[in-house]
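So the sequence shown is numbered by our numbering: it starts at 2 and just counts up by one. Yeah, the Cβ is synthetic: ideal placement off N, Cα and C, and Gly gets one too.
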Amino acid sequence: MTRPRVAVSAGNVPATEAAAEVARAGGNAVDVCLASAISAWVAEPFFASMAGAGFVVVRTPEGSVEVFDGNSTMPTTIPQEPGQGVKRVYLDYSNGMYTGIGGGSVAVPGVLAAVRAAWERHGKIEWSALFEGAIRIAREGLPFPKTSAYYLSVTWGEIWSQYAVARELFSGDGVPLREGDVLAQEQLAEALQMVADRGPAAMYEGELASEIEEAIAADSGFLARDDLKLYAAEVRTPVSTEVFGWLVESNPPPAAGGAVLTHMLALLQHADLDDPRKRLQAIIEAETAAVGYRTDRYQEPGEIAGALEEVLSNLRAMPNASPETTHTSATDADGYACSITESNGYGSGLLVHGVLLNNTLGEEELNPLGAHGLPAGSRCHSNMAPTIATGDGKAVALGSPGADRIVGAIAQAFIALAIDGLGLADAVTAPRAHIATRPQGRLLCYEPGLPGDQLTELPYIPRPYEEIHMFFGGVQAAWVTDDGLVDAAHDPRRSGGSACV
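As structure tokens, then:
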């Protein structure tokens, strides 16, 4: 019996199936991961988009790791009137929150550029082959996912029903789509085909660029075609830490997620993790300290320390810390590992040729200086943290959606792997905890199996969950051993899928 060559774990089943097809066609882990991320633009329409943001982390068979930064940027021209084209709305989502939508909320998208850059350096199969599964799903339609149906139900009145194109696509008989309803996206299929045939230039310079500029201008926005043409993905060196005999490498500054994750793990290195009660307390304290720590205790060169201080300062002001995201991990028998996290914010409400435009500039938790407070052309803030960990004869790609729960979800799954020696499926299912800041105070949220009720001396309000819950993220993980064995597991908290091909 031939053993599997590629393993993949994704945030949705259709993306997993599309990725498996690429593996069968001879693609490596990078190809497979990219194909899954592209399919998420179809299968998870509110959480990922070709006009969104994303980060790709790649580990080569030789062991080198690099990060492709496809985060959104501020347009090069800032409006004279701050907040121009941004409509502030209240969403009954994530315990209630405000966000900005409309043409003025759209940042320059970058995930497509990052996908292309990663493929050019590490891909094996043809560019167009990465899009075949996504295009087919868009044309044939798919059952509307549970997570998307829930998000649509709580944002319909304030976002999607306000724009005719979105209203038509996401409703049936005047009501928002429900779980299981068939969603076909022919216009998106056409847009994906353009990019498959002509490359990213189709969106950044071609017909789609003109359509994007026109739609944004018509809604009082200011992102221009030249902003799209000037966008470039950045290749960065990961932030890293050595803990528990493993090397953990993740998304570096100017994004915050990887810096917080590596610092949290470094703090846990010195904690008592054998006793369940002490472990839970250590995780809570490490997560809290990692968000609040000062960079004078972080031994990095001055330039990096300054960047860390900036992103962590902003992160401290983000009680909800970014909207939903989606993640894919993949590995192959040759030793490649790839980890991708992407997001479309809450969505601006605008669709262009079936492509949902982001609302990154309207995300109040990411923009404490206001919708247009960042310098022109600068990278926006992010707490996404796609990660690769190497140790115990394995390279593990992992990451999670979940807004401000991303870092804690990854850290706790990693501890289950590195300390408890669990397999992938058990590690991503293991119970988690999180400290949530809410108007009523700081909540100690925890799943069954954790002794949250024993930490009565801590200044938190207990919030036990009756079962594992999507609130605590959705870790997608894959590994490859030194002798080429691959495996993958998806988190049952989300509607994900995994496959070994």
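{"Asked": "So if DSSP puts E343 in a beta bridge, which residue, or which two residues, is it bridged to?", "Found": "G55, T327"}
{"Asked": "Between which two residues does the beta strand (DSSP E) containing R89 stretch?", "Found": "88 to 92"}
{"Asked": "Alpha carbon to alpha carbon, how far is L358 from E67?", "Found": "27 Å"}
{"Asked": "So L92 and V7 are supposed to be a Cβ contact under 8 Å. How far apart are they, rounded?", "Found": "38 Å between Cβ atoms; not a contact."}
{"Asked": "Ordered along the chain, which non-local residues of its own chain (more than five positions away) have a Cβ less than 6 Å from that of V166?", "Found": "L352"}
{"Asked": "Buried or exposed for S65, please, with buried defined as at least 16 other CB atoms from any protein chain shown within 10 angstroms of its CB.", "Found": "exposed"}
{"Asked": "How should A479 be labelled, buried or exposed, when 16 other C-beta atoms within 10 angstroms of its C-beta is the threshold for buried?", "Found": "buried"}
{"Asked": "Quick one: which unbroken beta strand (DSSP E) runs of 3-plus residues sit fully inside the stretch 432 to 467? Chain order, please.", "Found": "434 to 439, 442 to 447, 462 to 465"}
{"Asked": "Determine the burial state of E467: buried for a count of at least 16 other Cβ atoms within 10 Å of its Cβ, exposed for fewer.", "Found": "exposed"}
{"Asked": "Would you grab the beta carbon distance between S221 and Q85 for me? Rounded to a whole angstrom, and I think it's under 8 Å.", "Found": "6 Å"}
{"Asked": "Answer yes if the stretch 383 to 398 comes into contact with the stretch 126 to 138, meaning at least three C-beta pairs across the two stretches below 8 Å, and no otherwise.", "Found": "no"}
{"Asked": "In whole angstroms, give me the CA-to-CA distance for V33 and V9.", "Found": "7 Å"}
{"Asked": "Roughly how many whole angstroms lie between the Cα atoms of R1 and A219?", "Found": "Because residue 1 is not part of the residues shown, which for the chain are 2 to 502, the question remains open."}
{"Asked": "Grab me the residues of T263's own chain with a C-beta within less than 7 Å of its C-beta, minus the 5 sequence neighbours each way, in chain order.", "Found": "V240, S241, T242, V249, S251"}
{"Asked": "Quick check: the stretch 94 to 105 against the stretch 36 to 46, are there 3 or more CB pairs under 8 Å?", "Found": "no"}
{"Asked": "Can you give me the Cβ contacts of Y152 inside the same chain, cut-off strictly under 8 Å, excluding the 5 residues immediately before and after it?", "Found": "F47, F48, Y94, E325"}
{"Asked": "From this set, D276, T238, A24, which residue's C-alpha is nearest A260's C-alpha?", "Found": "T238"}
{"Asked": "Quick check on the burial criterion: 16 or more other C-beta atoms within 10 angstroms. Buried or exposed for S211?", "Found": "exposed"}
{"Asked": "I need the straight-line Cα distance from P62 to E448, nearest angstrom please.", "Found": "37 Å"}
{"Asked": "How long is the line joining the alpha carbons of R298 and A291, rounded to whole angstroms?", "Found": "Confidence at R298 is low in this model, with a pLDDT of 37, below 50, so its placement is unreliable and the value that follows should be read with caution. For R298 and A291, the distance between alpha carbons rounds to 11 Å."}
{"Asked": "Would you grab the beta carbon distance between L184 and G453 for me? Rounded to a whole angstrom, and I think it's under 8 Å.", "Found": "Not quite, the Cβ-Cβ distance comes to about 38 Å (not below 8 Å), so this is no contact."}
{"Asked": "When we look at the beta-carbon of S496 and count the other beta-carbons within 10 Å, is it buried (16 or more) or exposed?", "Found": "buried"}
{"Asked": "Determine, using beta carbons only, whether A118 and V57 come nearer to each other than 9 Å.", "Found": "yes"}
{"Asked": "D488 and L444: beta carbons closer than 9 Å?", "Found": "no"}
{"Asked": "Which term fits H373, buried or exposed, when burial requires 16 or more other beta carbons within 10 angstroms of its beta carbon?", "Found": "buried"}
{"Asked": "Relative to the C-alpha of A52, which candidate in C339, V236, A398, E343 has its C-alpha closest?", "Found": "E343"}
{"Asked": "By how many angstroms is the C-alpha of A267 removed from the C-alpha of P177?", "Found": "45 Å"}
{"Asked": "Compare the Cα-Cα distances from Y205 to each of V109, Q186, I126 and report the closest residue.", "Found": "V109"}
{"Asked": "With DSSP as the reference, label K125 as helix, strand or coil.", "Found": "coil"}
{"Asked": "For D421 versus A410, is the C-beta spacing smaller than 9 Å?", "Found": "no"}
{"Asked": "Kindly indicate which three-state DSSP category C34 falls into: helix, strand or coil?", "Found": "helix"}
{"Asked": "Just to confirm the assignment, what range does the beta strand (DSSP E) spanning E235 have?", "Found": "235 to 237"}
{"Asked": "For the ligand ZN, I want to know if N252 counts as a neighbour, meaning its beta carbon is within less than 8 Å of at least one of the ligand's heavy atoms.", "Found": "For the ligand ZN, the structure offers nothing, since it holds no ligand at all."}
{"Asked": "Whole-angstrom Cβ separation of G1 and S349, contact assumed at under 8 Å?", "Found": "Residue numbering for the chain in the displayed model covers 2 to 502; residue 1 lies beyond these limits and cannot be assessed."}
{"Asked": "Below 8 Å on the Cβ atoms is my guess for I191 versus A150; work out the distance and round it to an integer in Å.", "Found": "The question names Ile, but residue 191 is Glu in the sequence shown. With a Cβ gap of about 25 Å, E191 and A150 do not count as contacting."}
{"Asked": "From A257, D227, R278, I284, pick the residue whose C-alpha is nearest to that of Q270; which is it?", "Found": "I284"}
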